[in-house]
Amino acid sequence: MGVYVYMNSFLISKYKDVEPYVPGEQPRDKKYIKLNTNESPYPPSEAVLKAVEDSGRSLQLYPDPACRDLRAALAGSLGLEPGNILPTNGSDEVLSLSFMAYAHDEKPAYYANVTYGFYDVLSGLFNVKAKHFALESDFTIDINRYCGLDRGLIVIANPNAPTGIAIGVDEIEKICKESPRCVVLIDEAYVEFGAESCVGLVKKYPNLIVSRTYSKSMSLAGARLGYAIANEERIRELETLKYALNPYSVNRTALAAGVAAVKDIEYYRNNCKLVAETRGRTTEKLKELGFELTDSKTNFVFCRHPGVPASELSEKLREAGILVRHFTGERTNDWLRISIGTPENMLALTDTLKEILNGGKS
Ligand code: PMP
84 MGVYVYMNSF
94 LISKYKDVEP
104 YVPGEQPRDK
114 KYIKLNTNES
124 PYPPSEAVLK
134 AVEDSGRSLQ
144 LYPDPACRDL
154 RAALAGSLGL
164 EPGNILPTNG
174 SDEVLSLSFM
184 AYAHDEKPAY
194 YANVTYGFYD
204 VLSGLFNVKA
214 KHFALESDFT
224 IDINRYCGLD
234 RGLIVIANPN
244 APTGIAIGVD
254 EIEKICKESP
264 RCVVLIDEAY
274 VEFGAESCVG
284 LVKKYPNLIV
294 SRTYSKSMSL
304 AGARLGYAIA
314 NEERIRELET
324 LKYALNPYSV
334 NRTALAAGVA
344 AVKDIEYYRN
354 NCKLVAETRG
364 RTTEKLKELG
374 FELTDSKTNF
384 VFCRHPGVPA
394 SELSEKLREA
404 GILVRHFTGE
414 RTNDWLRISI
424 GTPENMLALT
434 DTLKEILNGG
444 KS
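Using this note's numbering, read the sequence shown as starting at 84 and increasing by one per residue.
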């Protein structure tokens with residue numbers, strides 16, 4: 084009789100300590116108001132829905148791995164060349180390719196503590212030495228920390244997540260100029276909600292890569308579509324790795340939706356405006372309830388209440404059918420990140436918070 088040897092894991096040793104990203108929860112036990120993953124509260128435009136439907140008729144065919152139509156559409160809208168754009172499977176793929184391409188143990192990745200948690204995951208996965216620069220006590224970034232660095236990958240989410248705070252294009256330019264041997268990756272996942280894009284610097288600085296996503300401002304989180312914008316040489320480097328890993332990472336439906344959305348940009352700009360207005364009203368209401376907030380330029384607010392722990396607020400909101408995001412961790416434990424939904428969603432949020440803070444009485 085054979086003897087079974089139970090192994091704990093078949094994983095090769097270099098991945099043994101990988102810490103995966105923990106996405107915001109998507110519970111199915113009941114219907115929630117979802118303010119925990121920064122999705123758009125508005126649906127894709129009619130033209131995008133039509134393009135998605137039409138794309139279904141040719142799903143027996145592989146997508147164009149070079150994503151030529153989408154590249155041309157995006158390049159046209161940004162005043163750049165198709166060779167300056169690389170479409171990807173969500174902007175997370177731009178981040179993965181960049182960590183893979185430009186950082187290692189002798190070429191560190193420099194980024195803030197606190198910022199998007201996926202950067203740490205990628206450092207772990209690709210064996211990258213991570214150098215964290217602490218944010219100031221008010222969560223602002225001291226950009227001088229990123230100037231004069233010798234080599235490696237500088238990653239800055241602008242606006243930052245989960246703090247929502249933005250830096251200026253002049254500050255990004257200073258970093259590109261003063262750390263010319265580093266690749267500077269600016270993650271603009273939330274830029275359309277009130278910050279200033281640095282895309283205009285791409286022609287001037289060959290060390291700059293901008294990553295963008297269709298997940299937030301373009302209402303396509305479910306399609307998984309993002310893109311890198313950079314000097315043609317950087318795009319070729321990232322593209323080589325994309326073709327080495329998954330040449331068809333952007334599917335046919337996402338490509339069709341992406342092209343159609345570019346043509347409907349006014350619809351999406353208006354949605355971003357609505358979200359920013361709702362953010363303003365929500366901020367005021369939260370302040371009236373005693374919350375402290377950062378100056379968010381995104382589709383979420385970052386807030387804390389001096390009287391009630393964030394973990395308790397998030398749990399009570401959940402019980403009331405509203406999901407928000409609470410990140411445990413030294414700097415974030417007191418804070419909640421709350422996505423901006425429709426005005427009705429946000430009214431439900433502030434009414435429920437008022438009840439919680441009043442001990443159950445409205
Ligand atoms: N960057 C930041 C700062 C984010 O918060 C997110 C969303 N989680 C992403 C990038 C990735 O977005 P996606 O892959 O959906 O484009």
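C-beta atoms are modelled at their ideal positions from N, C-alpha and C, and glycine is treated no differently.
CB contact flag (residue i, residue j, <7 Å)
{"i": "Arg234", "j": "Phe216", "result": "no"}
{"i": "Met429", "j": "Thr361", "result": "yes"}
{"i": "Tyr194", "j": "Ala244", "result": "no"}
{"i": "Ala184", "j": "Glu320", "result": "yes"}
{"i": "Gly107", "j": "Arg408", "result": "yes"}
{"i": "Ser422", "j": "Asn210", "result": "no"}
{"i": "Val282", "j": "Leu153", "result": "no"}
{"i": "Gly305", "j": "Glu261", "result": "no"}
{"i": "Cys259", "j": "Leu291", "result": "yes"}
{"i": "Asn334", "j": "Val358", "result": "no"}
{"i": "Ala155", "j": "Pro146", "result": "no"}
{"i": "Thr296", "j": "Ser174", "result": "yes"}
{"i": "Lys368", "j": "Thr433", "result": "yes"}
{"i": "Thr415", "j": "Phe222", "result": "no"}
{"i": "Ala192", "j": "Ala339", "result": "no"}
{"i": "Gly363", "j": "Tyr115", "result": "no"}
Outcome for residue i when other beta-carbon atoms lying within 10 angstroms are tallied against a minimum of 16
{"i": "Ile348", "result": "exposed"}
{"i": "Lys61", "result": "The structure shown has nothing for residue 61, since the chain only spans 84 to 445."}
{"i": "Gly309", "result": "buried"}
{"i": "Tyr202", "result": "buried"}
{"i": "Lys117", "result": "buried"}
{"i": "Leu144", "result": "exposed"}
{"i": "Ala344", "result": "buried"}
{"i": "Gly197", "result": "According to the sequence provided, residue 197 is Val. The question's Gly does not apply to it. Looking at its Cβ environment, which holds 16 or more other Cβ atoms inside 10 Å, Val197 is buried."}
{"i": "Val204", "result": "buried"}
{"i": "Glu395", "result": "exposed"}
{"i": "Val267", "result": "buried"}
{"i": "Ala393", "result": "buried"}
{"i": "Thr163", "result": "In the sequence under discussion, the amino acid at residue 163 is Leu, which differs from the Thr named in the question. Flag for Leu163 reads buried."}
{"i": "Arg327", "result": "Rather than Arg, the amino acid found at residue 327 in this sequence is Ala. So Ala327 counts as exposed."}
{"i": "Arg151", "result": "exposed"}
{"i": "Gly277", "result": "buried"}
Between the CA atoms of residue j and residue i - distance to the nearest angstrom
{"i": "Val459", "j": "Leu284", "result": "Nothing in the structure corresponds to residue 459, since the chain is present only between 84 and 445."}
{"i": "Ala149", "j": "Glu315", "result": "14 Å"}
{"i": "Leu132", "j": "Ile255", "result": "36 Å"}
{"i": "Thr171", "j": "Thr336", "result": "13 Å"}
{"i": "Ile272", "j": "Ser181", "result": "A small correction: the amino acid at residue 272 is Ala; Ile does not occupy that position in the sequence shown. Straight-line Cα distance between these residues: approximately 15 Å."}
{"i": "Thr380", "j": "Ile269", "result": "Note that residue 380 is Lys in the sequence shown here, rather than Thr. For Lys380 and Ile269, the distance between alpha carbons rounds to 15 Å."}
{"i": "Val384", "j": "Glu275", "result": "15 Å"}
{"i": "Lys257", "j": "Ile312", "result": "19 Å"}
{"i": "Ala158", "j": "Ile168", "result": "7 Å"}
{"i": "Tyr351", "j": "Lys190", "result": "38 Å"}
{"i": "Thr411", "j": "Cys355", "result": "29 Å"}
{"i": "Glu402", "j": "Arg140", "result": "43 Å"}
{"i": "Pro242", "j": "Phe93", "result": "40 Å"}
{"i": "Asn238", "j": "Ala213", "result": "Sequence inspection shows Val at residue 238; the Asn mentioned does not correspond to that position. About 11 Å."}
{"i": "Ser160", "j": "Thr425", "result": "28 Å"}
{"i": "Pro103", "j": "Gly207", "result": "9 Å"}
{"i": "Ser294", "j": "Glu129", "result": "26 Å"}
{"i": "Asp417", "j": "Tyr98", "result": "32 Å"}
{"i": "Leu324", "j": "Val391", "result": "47 Å"}
{"i": "Glu427", "j": "Pro124", "result": "11 Å"}
{"i": "Val105", "j": "Leu406", "result": "15 Å"}
{"i": "Thr246", "j": "Leu218", "result": "10 Å"}
{"i": "Pro110", "j": "Asn119", "result": "11 Å"}
{"i": "Thr287", "j": "Pro263", "result": "Note that residue 287 corresponds to Lys in the displayed sequence, not to Thr. Between Lys287 and Pro263, the C-alpha separation is close to 12 Å."}
{"i": "Ile226", "j": "Glu279", "result": "16 Å"}
{"i": "Asp112", "j": "Ser96", "result": "37 Å"}
{"i": "Asn329", "j": "Ala431", "result": "42 Å"}
{"i": "Glu413", "j": "Asp100", "result": "21 Å"}
{"i": "Ile248", "j": "Arg317", "result": "27 Å"}
Anticipated Cβ contact below 8 Å, residue i with residue j, distance rounded
{"i": "Pro126", "j": "Ser397", "result": "With a Cβ gap of about 27 Å, Pro126 and Ser397 do not count as contacting."}
{"i": "Arg387", "j": "Glu375", "result": "5 Å"}
{"i": "Ala186", "j": "Leu236", "result": "4 Å"}
{"i": "Ser332", "j": "Glu176", "result": "6 Å"}
query: Which runs of the beta strand (DSSP E), 3 residues or longer, sit entirely within the segment 343–406?
result: 383–387
task: Report the residue ranges of all beta strand (DSSP E) runs contained in full by the segment 249–304; include only those spanning at least 3 residues, in chain order.
output: 265–270 and 291–296
message: Could you tell me which whole beta strand (DSSP E) segments of length 3 or greater appear in the segment 161–231?
response: 168–171, 192–196 and 213–217
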